[in-house]
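In this note's numbering, the protein residues as written are 430 to 608.
Each residue gets a CB set at the ideal place from its N, CA and C atoms; glycine is no exception.
Read through the structure below, which is laid out as structure tokens, and then see the notes.
Here it is, written out as structure tokens:
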């Protein structure tokens, strides 16, 4: 009986080891498949994000370049015209469209960084319009004050754009392996 019991227990131990190995292999395959699927999903999301972020950065850079004209108009007094103000307002409108696209492709931290830039764009458009009005009305003191406000917005826009780029790079570098 001892030999028979030993044979049964040996067979039972062998089958338990086989079952345990199968369960471990199944879990490993499932984790590998989950990781692969997540990485592929991240890659598919990264491609359109890259293009949307690039367009937003290009538009925000145009805005930054244009606001500097108004921040430094005392060096170029003829630079504040109906045309330059209209161009600035048009650039802000396109930036708003690009901001919506960034919000749609996400993630949240990138969308939040783009929203701050969009809000600054809208407020700076009001500043630029006021500057033109003060120039037209020959209100020297208010013109100087508005120029100082625009200078602050220009510096803030540069810092916010740098922060957006850094946040976007982190989002694009996410391969999904950390979650």
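For residue i, the first and last residue of its enclosing alpha helix (DSSP H)
i	result
residue 510	Run containing residue 510: none; DSSP gives neither H nor E here.
residue 550	537-565
residue 502	No alpha helix (DSSP H) contains residue 502, which DSSP labels as neither H nor E.
residue 602	569-602
Residue i, buried or exposed, once every other Cβ within 10 Å from all chains shown has been counted against 16
i	result
residue 459	exposed
residue 449	exposed
residue 579	buried
residue 548	exposed
residue 573	exposed
residue 495	buried
residue 452	exposed
residue 550	buried
residue 600	buried
residue 560	buried
residue 553	buried
residue 524	buried
residue 492	buried
Euclidean distance between Cα positions of residue i and residue j
i	j	result
residue 590	residue 597	10 angstroms
residue 592	residue 542	7 angstroms
residue 445	residue 433	18 angstroms
residue 526	residue 546	12 angstroms
residue 604	residue 539	16 angstroms
residue 575	residue 562	10 angstroms
residue 564	residue 501	14 angstroms
residue 568	residue 481	41 angstroms
residue 498	residue 457	60 angstroms
residue 479	residue 537	15 angstroms
residue 555	residue 520	13 angstroms
residue 440	residue 476	54 angstroms
residue 518	residue 588	21 angstroms
residue 577	residue 528	26 angstroms
Any non-hydrogen atom of the ligand MG closer than 7 angstroms to residue i Cβ
i	result
residue 524	As presented, the structure is devoid of all ligands, the ligand MG included, so that no description of it is given.
Residue i at chain B interface by Cβ criterion, 8 angstroms
i	result
residue 560	The structure shown has no chain B; it contains just one protein chain.
Query raised in the report: Three or more C-beta pairs closer than 8 angstroms, one from the segment 532-539 and one from the segment 569-585: is that the case here?
Result: No, the segment 532-539 does not touch the segment 569-585.
Requested in this report: Count the CB pairs spanning the segment 474-490 and the segment 507-514 that are closer than 8 angstroms, and state whether there are at least three.
Outcome: They do not touch, by the three-pair rule.
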